[in-house]
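Quick note on our numbering: the sequence shown kicks off at 95 and runs consecutively. See below for the structure under consideration.
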Amino acid sequence: MTARVLSSWNTIHTHCRLRKLNLSRYLSAKPAADNNTYSNTLLLPKTSFPLRSNPKETDNTYRDLSCDSLYRWQWENAKGPLFVLHDGPPYANGDLHMGHALNKIIKDIINRFHLSQGRKVHYVPGWDCHGLPIENKAMKEMKRSPLNTPASVIRNAAKETALREIDSQRNQFRPLAVMADWDSQERTYRTLDRHYEIRQLRIFQKMVEKGASLAEAELEYKDDHVSHSVYVTFDLAEPNDVLRKLVSNRPKVQFLVWTTTPWTLTANMGIAVHDELVYEVVVREDGGVLIVARDRLDALSSFLGEVQVIGSITGKDLVGVSYHPIFSSASSPAQPLKIIHAPHVTALSGTGLVHCAPAHGAEDYDAFRLQNLLQTSGPTGSNVLCHVNSRGQFTSEVVDVVGPEHAPKLVGQEVLGDGNKAMVILLKELDKVLKIQRIKHRYPYDWKTNEPIIVTATSQWFANLDHIKADALGALKDVSFFPELSRKRLEAFVRSRSEWCISRQRVWGVPIPALHHIASGRVVLDSPTLEYIINALETKDVDWWESPIEEFVPPWLLEDGKSAAETWERGRDTMDVWFDSGTSWSMLEEMGVGRDRAGSRTAGNGRQFDADVCLEGSDQHRGWFQSQLLTAIGSRSSEDKAVSPYAALITHGMVLDEKGKKMSKSLGNIVSPMTIVNGSQDGKQPAYGVDVLRLWAATVDFWRDMSIGPTVISQAAESLRKLRNSARFCLGNLDTDSLDRLGRVPKAEMNILDRYVMHELYTLEQTALEGYKSYNFPKVISALNNFANITLSSLYFDITKDCLYANTIESHERRAVCTVLEQILGTMTKVLAPVLPYLAEEIHATWKADQKSVFMTPWTPLGMEWKDEQAAADVSQLLGVRTTVLSLLEKARRAKYLRSSLEAEVKIVYPGGHHNETLVQLLKREEDLLKTLLIVSDASVSDKADFSTEDLEWSYANTTDIKNA
């Protein structure tokens, strides 16, 4: 049966003819006695490179070669320019999460790329070791309360906890294939090390000289915080003349006050009104007299009921009137307090009268300070009332206010929890509550822990930022940002700051070495005294907390006839942990890799910045990025230019679960990087190995929030498998020794397909180089996957198997393909190596077998001669024809006219008068190559459709597709 489809005369036609005889080199009419008879005549692929890797074996084989040893080797042998990626120290507190893994992997990709370019890489991993979380963890493990634990015990326990967590995290970082000298104390840093602390204190000393520092940047405000607010009453103590006329002989007059923080009422030091508001004196149905703002009466009617207004008074006339504190008993009598004016009081909410606790509110504190009502220092100490400790619990000092009969209900209770509830109950017992109201309102939260905070007033160390801010913003103009929009975020944070509270009332931390004069309360914290103290810490075996005070008091502060211990005592404040990590840039100068500074020991090294790159999460715009900048600018010498400590800042987003939700234990959606790499202990989750995790990290837009879960990890695993297959094909068919002996085929002697693939390889490499340089790793991986899956697997590997398997080793055609495969393997390995170091090492070990790391050989890009736009354009047209032919062959297969494309002969016909002369000339020129491109027994190009029907079993013409091609 014959089938023929005819079409218009000016269209190219493709006819497929069944030609089984052309398969004779592969097929036989009779079964072979030995199944290997024919396969032994073929050059089938041979390689020890496995289709799938064993993650555990790979890690054991390549971890040291490609990580620790490689870092040491490159530091001693790399001759190129220095590249410094300064590591922001993660907190030494708990197992790694996906954010840690993403952070370290992205850094390592950058480092490995620069190493591949011949640069000497400086990368020193660090850990942040001080602060409350570590202190709390130590206390929890000891099952002790800090209230009854000596400070020395807390410090020792916190140090042990930090060191243990550092070791644990180090062991978890190593399987991520991060190139670093993890075991070297000289090539890792810890903020608890003595030499680090000394260097930090030197920076602090320079800032003290210049009077520079920073303001709190750790708070954010949430609008959906829920509190149990109360309307409470304070009894009038002594009216002034104006008020006396209004209340006459009323036996009980009260001020109605609303507060969302009942726990602060023990620290009440005043009631604030606004001078310009009008207040009403009203009588309730029960005869009680209340004073509230006129503009609030309607809003309060829901629980006040019907009231009778008996008079009005301005806020100005209320100022100075005395009232009785809520808590006043026979055992702890309290003196009457005064009503004050405060500008922040309004009639928009509450009652128009505000309870003031200067220890727990900045506005209250400022109002009292401006009216000289606060005593914050001196021989008798501060008069600011505060009954809450650093743990957010009521202290035993609350007994002095509420009396011993009520104190047991409060002492030790958390003020944001049971302590607040106990306070409300106590207020009700004292008949001071008119209304309890559950409200949703704006409240400050700690952005790191996402927990609500309390504010307490303590003596702190601040410094002015006004003269630093302009220089800091100016320095940022020379800094590159990725993504660029993150520049505005950091600049906004710096611009909005006025001061930095660098002191903390913590036990575990770097001390602020201030000396307090016992008799006068005077505090000494100046450069000469700091110089004396720091020298003592650096040169003697002394400890600020435990050694005698005599070790730290300089001679010029001693008084005649009195010992240092009689006159001075040490400060107990520690430094903000952001100051700890923020001064880490100075470590680079000490290591000889910092920027040129006047008089520095690194002068002449040609570096403008201390670090080429810093990379952290977006939260570090108000953290480490900022504290580095401000400590560097604030401590610089007057003749030193205001230069940022980093040349570029890279910001990554948060890692979310597969549904885009934040990971948390409560939701049960945490994805552990160690589980992805090593598999789960119960065997339910497979061990994918680190290259899969790293490939995921390189495929996501890391500068945004990103998702991870089983689906995306399995996709990464499939992508890795395809890359391995490409490498395996090259390794299995490549005989480098034969190429060395017989010679490689130059470009001029290659066919158009070989030149096209080399052009595509050149394009891939240029894309990868640009992507790595611009930190656009998804661009690199996308181009790599496209080349491996489309250009190689679906095209070049498919069409060259016949040549590779059946031609002789000496064949020019086969040598040309092998020349291309060698270039493919070399370039692809270099392209994927920064992201997939273990795969690259495995390819290199299989190919070269020289026991060296693939990164020890610089990445030498292909020359411009391989860029061949004409070959690309020509093959693009040929691939259009191929697509059509493959479609026709598939239809023939479905119609059961043939089983394999090699059973077909293709004849491309171009009748006279056609419109695509360029394509015809191309087809005629490459006629000998068409059977290879189409994977058929034979292919020809003709202007005549001269088919004899005696051997024509099937023919077809697809006019539309060929015309479009």
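Note that beta-carbon positions come from the ideal geometry of N, C-alpha and C, so glycine has one too.
TODO: Determine the DSSP secondary structure at Gly-803, reduced to helix, strand or coil.
DONE: coil
Open item on the list: Given this structure, state the Cα-to-Cα distance separating Leu-241 from His-208, to the nearest angstrom.
Closed with: Rounded to whole angstroms, Leu-241 to His-208 spans 51 Å at the Cα level.
Open item on the list: Pairs of beta-carbons, one from the stretch 147-162 and one from the stretch 631-651, closer than 8 Å: are there three or more?
Closed with: no
TODO: Return the bridge partner residues of Arg-388 from the DSSP annotation.
DONE: Answer is none; Arg-388 lacks a bridge partner.
TODO: Could you tell me the boundaries of the beta strand (DSSP E) in which Glu-374 lies?
DONE: 372-377
Task: Per DSSP, the bridge partner or partners of Glu-997 - done: In the DSSP output, where bridge partners are listed per residue, Glu-997 has none listed.
Task: 8 Å contact criterion, which Gly-179 and Ile-200 should meet: CB distance rounded - done: Note that residue 179 is Leu in the sequence shown, not Gly. Contact between Leu-179 and Ile-200 is ruled out by a C-beta separation of about 10 Å, above the 8 Å threshold.
TODO: Output the distance between the C-alpha atoms of Thr-861 and Asn-629, rounded to the nearest integer angstrom.
DONE: Distance between the alpha carbons of Thr-861 and Asn-629: 54 Å.
Task: Inter-residue spacing [alpha-carbon to alpha-carbon] between Lys-656 and Ile-385 - done: 57 Å
TODO: Assess, as a yes-or-no matter, whether the stretch 717-724 is touched by the stretch 573-590 under the definition of 3 or more beta carbon pairs within less than 8 Å.
DONE: yes
Task: Assigned exposure category for Gly-513 - 16 Cβ within 10 Å defines buried - done: buried
- [ ] Could you check what DSSP says for Ala-608 in three-state terms: helix, strand or coil?
- [x] coil
Task: Cross-strand partners of Ser-416 (DSSP beta bridge) - done: Glu-332 and Lys-432
Task: Proximity below 8 Å, CB of Ile-248 to CB of Ala-186 - done: no
Task: Cβ-based burial, Leu-1024 [other Cβ within 10 Å; buried from 16] - done: Its Cβ being crowded by 16 or more others within 10 Å, Leu-1024 is buried.
Task: Own chain partners of Ser-947 with C-beta closer than 7 Å, once the 5 adjacent residues on each side are dropped - done: The answer, listed in chain order, is Leu-159, Ser-160, Leu-164 and Glu-935.
Task: Outcome for Met-800 when other beta-carbon atoms lying within 10 angstroms are tallied against a minimum of 16 - done: buried
Open item on the list: I'd like the list of long-range same chain contacts for Ala-608, defined as Cβ closer than 6 Å, with 5 residues on each side in sequence excluded.
Closed with: Val-617, Leu-619 and Gly-665
- [ ] Measure the C-alpha to C-alpha separation of Gly-193 and Glu-254 and round it to an integer number of angstroms.
- [x] Here the alpha carbons of Glu-254 and Gly-193 stand approximately 25 Å from one another.
Task: Same chain, Cβ closer than 6 Å to Ala-309, five either side skipped, listed in chain order - done: Only weak support exists for where Ala-309 lies, its pLDDT of 36 falling under 50; the value from the coordinates is given anyway. Here the set comprises Arg-591, Ser-592, Glu-593 and Trp-594.
Task: Distance between His-611 and Thr-661 (C-alpha atoms, nearest Å) - done: 6 Å
Open item on the list: With H, G and I counted as helix, E and B as strand and the rest as coil, what does DSSP make of Ala-358?
Closed with: Sequence check: residue 358 is Thr here, not Ala. Reduced to three states, the DSSP call for Thr-358 is helix.
Task: Presumed contact (8 Å Cβ cut-off) between Phe-823 and Pro-139, rounded CB distance - done: 7 Å
Task: Euclidean distance between Cα positions of Ala-989 and Ser-981 - done: 12 Å
TODO: Grab me the residues of Thr-940's own chain with a C-beta within less than 7 Å of its C-beta, minus the 5 sequence neighbours each way, in chain order.
DONE: Thr-141, Ser-142, Phe-143 and Leu-825
Task: Helix, strand or coil at Ile-48 [DSSP, three-state] - done: What the structure shows of the chain is the stretch from 95 to 1059, and residue 48 is not part of that stretch, so it cannot be assessed.
Task: Close Cβ partners of Ala-441 (< 7 Å) along its chain, the five nearest in sequence each way excluded - done: Taken in chain order, the residues that qualify are Leu-371, Ala-387, Asp-389 and Arg-390.
TODO: Using 10 angstroms around the beta-carbon of Asn-772, count the other beta-carbons present and answer buried if the total reaches 16, otherwise exposed.
DONE: So Asn-772 ends up on the buried side.
Open item on the list: Using a 10 Å radius around the Cβ and a threshold of 16 neighbouring Cβ atoms, would you call Ala-213 buried or exposed?
Closed with: Checking the displayed sequence, the identity of residue 213 turns out to be Arg instead of Ala. So Arg-213 ends up on the buried side.
Task: For Trp-662, the three-state DSSP class (helix, strand or coil) - done: strand
Open item on the list: As an exercise, report each continuous alpha helix (DSSP H) stretch of at least 4 residues that is fully enclosed by the stretch 914-987, in chain order.
Closed with: 931-941
Open item on the list: Which same chain residues end up closer than 7 Å to Pro-333 when comparing Cβ atoms and leaving out the 5 residues on each side of it in sequence?
Closed with: Once the five neighbours on either side are set aside, the close Cβ partners of Pro-333 are Val-341 and Val-415.
Open item on the list: For a test of the three-state rule: what should DSSP assign to Phe-177, helix, strand or coil?
Closed with: Looking at Phe-177 - three-state DSSP - the assignment turns out to be strand.
TODO: Return the CA-CA distance between His-746 and Leu-196, expressed in angstroms with no decimal places.
DONE: 9 Å
- [ ] Pick helix, strand or coil for Ser-321, following the three-state DSSP scheme.
- [x] Under the three-state reduction of DSSP output, Ser-321 falls in the strand class.
Task: Lys-1062 (DSSP reduced to helix, strand or coil) - done: Residue numbering for the chain in the displayed model covers 95 to 1059; residue 1062 lies beyond these limits and cannot be assessed.
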